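Heads up: the protein sequence lines correspond to chains C and D, in order. Position one of the first sequence corresponds to residue -1 (our numbering), numbered consecutively onward. Position one of the second sequence corresponds to residue 774 (our numbering), numbered consecutively onward. Even glycine gets a Cβ: it sits at the ideal position worked out from N, Cα and C. No experiment lies behind these values; they were computed from the predicted model shown.
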Amino acid sequence: MRKEHWFAAALAVIIGILVIIRPDAGWRIRQSLERKKASHSGFVESGIENSILKAEIAELKSIARELPQWAPEYLRASVYSRYPFNMKSELLVSVGEAQGAAAGQAAVLFMDGSEGGRGLGILLGRVKRAFPNLALVETVFDPGWKSAVRIGERGTEALLMGGNAPKLTLIDKKAEIKIGDIVRIASPDLPYGLAIAEVAEVGPSEDQLFQEAELVFAYHINSVNHLLILKNFLGYREPAQ
Amino acid sequence: MIQMARRTFQNDFSSFKLPSGIAVLLASYLISVRSAVFLNIHFSFVLAALIALSFFFGSWELVLLAAMSAFFLNWAPSASAEILFLIAIPILGSLCRKAFPVIEGWFGNIVLIAFGILAFYYASDFGFAFSHMALVAEDATISAAFGTAAFAIFSGIYGERTSSSLRHEKRTRFIR
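Here it is in structure tokens:
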């Protein structure tokens, strides 16, 4: 083996070892390369606020009395790295089992002032796997994501299908869906009523049996740098009699 | 005369070859990150760049570049099939070129990149690749174009490692 080949081989072995024992070194370099001046622009923040308020109004108009009283407890987390290919949409975040994160917990996008009370934020995904000090969050943009949702003040039922451009399917053909209607989660494994996105376009499905809707999100998934993990969803209190 | 000038130019720049390879990888990574923000698609520019660079580097240098890509792209503390395929596909491509010397030049580069990206998708997640054929085709096309640009730049500066150039390299080393 030539001298320069020894150098390349030794360097390859060192980097290979780093990948296995110190993967965080790579994440830090990636973070510094991807760093932006601000995580969200004012426009994005107002979009998030708008979605949260719409979700609250929809909830209050349709189901306020039936909703359980719930005081959320959350963990603040920073995004270390994100899945770099198209097959999934996952974020690696800075809290893990040691901080109270566990598989199945909801991850929400928050904004200053919206924490606490009902207007908690926008559902971003759920914890897929918790490591001792890290957690892997599967987002609603994951092609494998499927969850029951409700649309607008009438609470029309639909199925949210993840992907690069998530969409709503199985909407009743007769249901009246308007552009701008808020979409809220209605899945038994996630906190009821969290806002997800707004309806951008509605049309008939390919088989003409249902309606389908495209969604517009108030944030960009590749720009998300911070989020909240909701800890106490499983332990929330029953509504007062 | 032109050949001589070209060879002198290539020899002068040969010490920058590995750093330029690393720079191309970094650039491909940054471009794919930026394009993901704007277009919501993660193009396989890193894989395309690795396959294109396999035409210019020896086995150990290629292993080093693949390890660096894994270092940058690894997103979770657990092992993942995608990262293994990202390392394995350019190395397998390079072995393929040795077995079939016909795969040369820019056309061979495009063919290898396209097949490499298809192999990457189908090996990593067959169900996804089968149900998102348009996205896979779009990625393969655009990444092949990116890989062709990287190939053209490297070919202009350093010259491709074809079977005949390797034979020439071995002969000169033997004479020395």
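Classification of residue i by the beta-carbon crowding that lies within 10 angstroms, buried from 16 upward
| i | result |
| --- | --- |
| glutamine 209/C | buried |
| arginine 870/D | buried |
| serine 851/D | exposed |
| arginine 26/C | exposed |
| isoleucine 926/D | exposed |
| alanine 36/C | Reliability of the predicted coordinates at alanine 36/C is poor, the pLDDT of 43 falling under 50, and no value is obtained from them. |
| alanine 6/C | buried |
| serine 827/D | buried |
| glycine 111/C | With a pLDDT of 47 at glycine 111/C, under the threshold of 50, the predicted position of this residue should be treated as unreliable, and no value is reported. |
| proline 863/D | buried |
| isoleucine 15/C | exposed |
| methionine 906/D | exposed |
| lysine 86/C | buried |
| valine 11/C | exposed |
| serine 867/D | buried |
| proline 240/C | Residue 240/C lies beyond the range of chain C shown here (-1 to 239); nothing can be said about it. |
| phenylalanine 789/D | exposed |
| phenylalanine 919/D | buried |
| phenylalanine 108/C | buried |
| tyrosine 931/D | buried |
| tryptophan 833/D | buried |
| tryptophan 4/C | exposed |
Beta-carbon proximity check, residue i vs residue j, cutoff 8 Å
| i | j | result |
| --- | --- | --- |
| serine 76/C | asparagine 223/C | yes |
| alanine 887/D | tyrosine 894/D | no |
| leucine 207/C | alanine 104/C | no |
| alanine 825/D | phenylalanine 899/D | no |
| leucine 122/C | leucine 228/C | no |
| alanine 156/C | asparagine 131/C | no |
| leucine 188/C | serine 145/C | yes |
| asparagine 847/D | proline 141/C | no |
| leucine 885/D | valine 909/D | no |
| valine 184/C | threonine 154/C | The residue asked about is misnamed: residue 184/C is alanine in this sequence, not valine. No. |
| alanine 843/D | serine 897/D | no |
| leucine 147/C | isoleucine 194/C | Just to set this straight, residue 147/C is valine in the shown sequence, not leucine. Yes, the pair counts as a contact, with Cβ atoms nearer than the cut-off. |
| phenylalanine 129/C | glycine 94/C | yes |
| alanine 101/C | arginine 127/C | yes |
Selection from the options that minimises the alpha carbon distance to residue i
| i | options | result |
| --- | --- | --- |
| isoleucine 814/D | Leu891/D, Leu820/D and Val806/D | Val806/D |
| threonine 137/C | Ala156/C, Ala163/C, Pro130/C and Gly150/C | Ala163/C |
| proline 82/C | Glu95/C, Ile219/C and Trp143/C | Ile219/C |
| proline 792/D | Leu9/C, Gly24/C, Ser203/C and Glu71/C | Leu9/C |
| alanine 917/D | Trp879/D, Ala907/D and Leu798/D | Trp879/D |
| phenylalanine 139/C | Leu799/D, Ala809/D and Ile804/D | Ala809/D |
| threonine 167/C | Glu151/C, Tyr190/C, Trp143/C and Pro186/C | Trp143/C |
| phenylalanine 818/D | Phe811/D, Lys790/D, Ser832/D and Val797/D | Val797/D |
| glutamate 151/C | Asn84/C, Arg182/C and Val11/C | Arg182/C |
| arginine 80/C | Gly94/C, Ala101/C and Val135/C | Val135/C |
| phenylalanine 215/C | Gly201/C, Lys165/C and Asn84/C | Lys165/C |
| leucine 823/D | Leu812/D, Leu799/D and Ala872/D | Leu799/D |
| glutamate 204/C | Lys171/C, Glu196/C and Tyr217/C | Lys171/C |
| asparagine 84/C | Leu865/D, Asp912/D, Pro874/D and Gly889/D | Asp912/D |
| glycine 794/D | Val836/D, Phe811/D and Ala861/D | Val836/D |
| threonine 914/D | Gly889/D, Glu834/D, Ala861/D and Ile930/D | Gly889/D |
| isoleucine 160/C | Tyr190/C, Gln29/C and Leu213/C | With the sequence shown as reference, residue 160/C is identified as glycine, and isoleucine is not the correct amino acid for it. It is Leu213/C. |
| glycine 245/C | Tyr217/C, Ile175/C, Ala133/C and His3/C | Nothing about residue 245/C can be reported from this structure: the residues present for chain C run from -1 to 239 only. |
| asparagine 230/C | Ser221/C, Tyr190/C and Tyr217/C | Tyr190/C |
Rounded Cβ spacing between residue i and residue j (contact assumed at less than 8 Å)
| i | j | result |
| --- | --- | --- |
| isoleucine 149/C | isoleucine 46/C | At roughly 19 Å, the Cβ-Cβ gap does not stay under 8 Å, so isoleucine 149/C and isoleucine 46/C are not in contact. |
| isoleucine 13/C | alanine 840/D | 4 Å |
| alanine 211/C | isoleucine 169/C | 6 Å |
| serine 92/C | tyrosine 78/C | 6 Å |
| glycine 24/C | phenylalanine 845/D | 6 Å |
| phenylalanine 830/D | leucine 838/D | 7 Å |
| lysine 52/C | isoleucine 180/C | 4 Å |
| threonine 921/D | isoleucine 883/D | 6 Å |
| leucine 31/C | leucine 803/D | 6 Å |
Contact test: residue i Cβ vs the ligand PLP heavy atom, cutoff 7 Å
| i | result |
| --- | --- |
| alanine 10/C | Looking for the ligand PLP in the displayed structure turns up nothing, as the structure carries no ligands at all. |
Worksheet entry | Contact residues within the segment 157 to 179 of chain C, judged by C-beta distance below 9 Å to chain D | Gly161, Asn162 and Ala163
Discussion item. To be precise: take each residue of the segment 797 to 825 of chain D, compare its Cβ to all Cβ atoms of chain C, and keep it if any distance is under 7 Å. Which residues remain?
Written reply: Leu803, Val806, Ala809, Val810, Asn813, Ile814 and His815
Worksheet item: Got a sec: which bits of the segment 840 to 874 of chain D sit with their beta carbon under 7 Å from any beta carbon on chain C, in order along the chain?
Response: Ala840, Met841, Ala843, Phe844, Phe845, Leu846, Asn847, Trp848, Ala849, Pro850 and Glu855
Worksheet item: Got a sec: which bits of the segment 884 to 897 of chain D sit with their beta carbon under 9 Å from any beta carbon on chain C, in order along the chain?
Response: Phe893, Tyr894 and Ser897
Discussion item. Please identify, using Cβ separations under 7 Å, the residues of the segment 198 to 222 of chain C that lie next to chain D, in order along the chain.
Written reply: His218, Asn220 and Ser221
Worksheet item: Any residues in the segment 120 to 153 of chain C with a beta carbon nearer than 7 Å to a beta carbon of chain D? Which ones, in chain order?
Response: Phe129, Leu132, Leu134 and Pro141
Discussion item. Can you pull out the residues from the segment 1 to 12 of chain C whose beta carbon lies closer than 7 Å to at least one beta carbon of chain D?
Written reply: His3, Ala6, Ala7, Leu9 and Ala10
Practice prompt. May I ask you to list, following chain order, the residues of the segment 70 to 86 of chain C that have a beta carbon less than 7 Å from some beta carbon of chain D?
Written response: Ser79, Arg80, Tyr81, Pro82, Phe83, Asn84 and Met85
Practice prompt. Check distances from the C-beta atoms of the segment 19 to 30 of chain C to those of chain D and list, in chain order, the residues that come in under 9 Å.
Written response: Pro21, Asp22, Ala23, Gly24, Trp25, Ile27 and Arg28
Worksheet entry | Residues of the segment 91 to 106 of chain C with Cβ closer than 7 Å to any Cβ of chain D, in chain order | none
Worksheet item: Taking any Cβ of chain C, which residues in the segment 825 to 838 of chain D have a Cβ under 7 Å from it, in chain order?
Response: Gly831, Trp833, Glu834, Val836 and Leu837
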